Amino acid sequence: MSNYLVIVESPAKAKTIERYLGKKYKVKASMGHVRDLPKSQMGVNVEEQYKPKYITIRGKGDILKELRKEAKKATKIYLAADPDREGEAIAWHLAHALNVDENSECRVVFNEITKDAIKESFKHPRKIDYDLVDAQQARRILDRLVGYNISPLLWKKVKKGLSAGRVQSVAVKMIIEREKEIKNFKPEEYWSIEAAFLKNKDSFTGKFYGIDGKKRELHNEAEVKEIIKKLTDKQFKIDKVNKRERRRNPAKPFITSTLQQEAARKLNFRARKTMMIAQQLYEGIDLGRKSGGITGLITYMRTDSTRISVTARNEAVSYIEEKFGKQYVGAIKNQKQQEGAQDAHEAIRPTSSLRDPASLKGILSNDQYKLYKLIYDRFLASQMAPAVMDTMTVHLLNNGVEFRATGSKIKFKGFMTVYIEGTDHEKKEEEKYLPDLKEGECVTYKDLTPNQHFTQPPPRYTEATLVGTLEKQGIGRPSTYAPTLDTIQRRGYVNLDNRRFVPTELGEIVVDILDEYFPEITNVDFTVQMEDNLDLVEEGKVGWINIIDDFYQDFHVRLEKAEEEMKTIEIKDEPAGIDCEKCGHPMVYKMGRYGKFMACSNFPDCRNTKPILKKIGVTCPSCKKGEIVERKSKKNRVFYGCDTYPDCEFVSWDKPVARSCPKCDAYLVEKRTKKQVQVKCSNCDYQENVQE
């Protein structure tokens, strides 16, 4: 007979915890929040100190009924929601709904779902932390005041269905500003000169550095010719050889933002997918009876702290010593946190270093295995010794013209044995060989290659680089990154093109309006300051009502001004240049939730709509009549099909190429990876590599 009721958010978590606690405990899931502000109205009484009106969330009635039934039987109720602001608020709402004494020690928190961590946490239950609750409540009310006041104004003045929010508006503005930078960018020409040097039979490459010991930039071909003209012969004298040892330290364990960035770079995972799989690994995977049953494999995945426990460090050290040797163990580091980190939890790490990814490959799904391996390898590498590189820089002179050659080789791999951090611009880790060169000796060059270059505009944001920028600037918190990226796409303010964010016309219109009438909403400094204020509420240094009131007093004045002064913006439909095949009226381009589409101008009498099809200049290989067009699936994935569909049902996930296979005459397709583009036959084994 169970005496104690434990309430968590998810059924998976409930199963794991119930097995650890034993028969006296019954663990039930609330399925997240049970109460929230109503969707149909503001739900915040501005006149009564911003008092929120909470109601039971639609669809949660049966869950609450079941929880109340179990609560009546229990001698003690424990609220074990996630260990963050959101989890604290869920616990507080549950306490209200189940009539749990809020001043009793009913709250249990744990950073990892392992037997030891769970049992230890139940030895130390605490009261609900009202500072955490207030910080979450302040964020919720603040976002409600912004969204439910500005959104109706946008519906009235621009278009129905629009919305505005604090963090999402700043993110959209950043994407728009980057797009403006790209459009306004003026490329500048510059040149480099590369020389292929020979010493006996060994060859190596050097690059032009400067004249008479001073670095010199080359801006045009005339300057390049001037440099080459200065060379008296093909011999260069080695003026200086610098040899040194360089150490490279491992990256710290993952926090939420770095996990999302690295999973995007290395696994091609979207932020939302990364967090969903991380949640599964945290809540528990069934490893089988012999291996301990349902077990949490990683620590809590919403964190901005790189701190790890002494126990985790010691276990990792023992494992590294045993597997790689004592020389691979890194020194104990000062666990200094970055500025603004809340440091409420440990870093994201495996719950046990002894549970290596290879041992779980047959148990985890492919995606779970990939993400677990990424987290495991990063953590293990963070506790390992630095890599040691021998580097060599050679200064070569000919009549005052200086070239430099650099080389490096790995002396000790250290942490690089396990893991190397990814970059947004793919760089290959490779050794550059230089022969044994000594000062005073001469080498000859066999080739001089001048290369023309142009400066490049900044790249569009990917999910990874946008999350990195938001985190670096202090906008949002670990739990907000993935939902923010999801929201700005669902609202139709941005699109993803080749995994990079492109703003839509709608996004630009909304941000322009917010900039004019509510500049604080799109202001980075204001948003960062608000996050800092919410942190002060969490720390118990400021009351949440003061934070809301300071914001709302100015905001309310701006709102009234916007109501009076904002002009109605008519988004005129652009003619599509074709007539509706159903009624003969002209078709027009309209802006929808997922971007532009074609619709009949005779709406609502005629409701004919069509997607805008992007032709790729390839004749359909199936019917030989239609043209191949780019389409999008329901999950927004690009695929290719015939424009005569449904007469011709040809489809391909890979982009067809406008030529046939030389071996079997079937159609060719283009396959892209991070490193190269390949053209492959759709039928046989023929393939070719293509330069980007």
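Per our numbering, the sequence shown starts with residue 878, numbered consecutively.
Glycine is no exception: its CB is placed at the ideal position from the N, C-alpha and C atoms.
Source: prediction; values computed, not measured.
- Membership of H1272 in the beta strand (DSSP E) is indicated by the continuous run 1264-1275.
- When the beta-carbon positions are compared, A1264 and I1287 come within less than 8 Å of each other.
- Contact between L1373 and Y1358 does not hold, since their C-beta atoms are separated by about 16 Å, which reaches or exceeds 8 Å.
- Burial is judged here by how many other beta carbons sit within 10 angstroms of a residue's own beta carbon; Y1322 has at least 16 and is buried.
- Around the beta carbon of S1182, a 10 Å sphere encloses 16 or more other beta carbons of the protein chains shown; the residue is thus reported as buried.
- Secondary structure remark: continuous beta strand (DSSP E) runs of at least 3 residues inside the segment 1078-1166, in chain order: 1079-1088, 1112-1125.
- With respect to K916, N922 sits apart: the two C-beta atoms are not nearer than 8 Å.
- Unbroken alpha helix (DSSP H) stretches of 4 residues or longer found wholly inside the segment 1326-1381: 1340-1350, 1358-1367, given in chain order.
- Under the three-state reduction of DSSP output, Q1014 falls in the helix class.
- Across the structure, G1291 and M1269 are spaced so that their CA atoms are roughly 20 Å apart.
- 8 Å or more divides the Cβ of L1273 from the Cβ of I1070.
- Straight-line spacing of the CA atoms in E1098 and W1068 works out to 7 Å.
- Counting the other Cβ atoms within 10 Å of the Cβ of R1484 gives fewer than 16, which makes it exposed.
- In the DSSP assignment, K903 falls outside any alpha helix (DSSP H) and lies within the beta strand (DSSP E) extending over 902-906.
- Cβ-Cβ separation between E886 and A958: approximately 6 Å, consistent with a contact (criterion under 8 Å).
- With at least 16 other beta carbons inside 10 angstroms of its own, T1151 counts as buried.
- The closest CA to that of S1229, considering only I990, R1536, W1032, is found on I990.
- Take the alpha-carbon of I1446 and the one of D1011: they are about 39 Å apart.
- If you ignore the 5 residues before and after I1059, its C-beta comes within less than 6 Å of the C-beta of P1334, all in its own chain and listed in chain order.
- Shown here for I1455: same chain residues with a beta carbon closer than 7 Å to its own, the five before and five after excluded, namely M1464 in chain order.
- Annotated three-state conformation of G1024 is helix, per DSSP.
- Contact between the segment 1075-1085 and the segment 1276-1285 is present, with at least three C-beta pairs closer than 8 Å.
- Annotation: the continuous alpha helix (DSSP H) that includes T1188 extends over 1187-1200.
- Membership of V1495 in the beta strand (DSSP E) is indicated by the continuous run 1491-1496.
- For V1405, the enclosing alpha helix (DSSP H) has its first and last residue at 1401-1415.
- Contact fails between the segment 1189-1199 and the segment 1022-1034, because fewer than three Cβ pairs, one in each stretch, are under 8 Å apart.
- For the pair of segments examined, the segment 1401-1419 was found to touch the segment 1043-1055: the number of CB pairs separated by less than 8 Å reaches three.
- Counting the other Cβ atoms within 10 Å of the Cβ of T1332 gives fewer than 16, which makes it exposed.
- Rounded to the nearest angstrom, the gap between the Cα atoms of A994 and E1408 is 31 Å.
- In this structure, C1519 is the residue among C1519, K1502, G1503, F1146 with its C-alpha nearest to the C-alpha of K1509.
- In this structure, the beta-carbon distance from L1314 to K1117 does not fall below 8 Å.
- The Cβ atoms of Y1466 and E1451 lie closer than 8 Å to each other.
- For P888, the enclosing alpha helix (DSSP H) covers residues 888-898.
- Three or more Cβ pairs drawn from the segment 888-906 and the segment 1166-1186 lie within less than 8 Å of each other, which places the two stretches in contact.
- Excluding sequence positions up to five before and after A1140, its CB lies within less than 7 Å of the CB of F1146, T1151, L1248, L1251, all in the same chain and listed in chain order.
- Under the criterion of beta carbons closer than 8 Å, Y1296 and R1337 do not qualify as touching, at roughly 28 Å.
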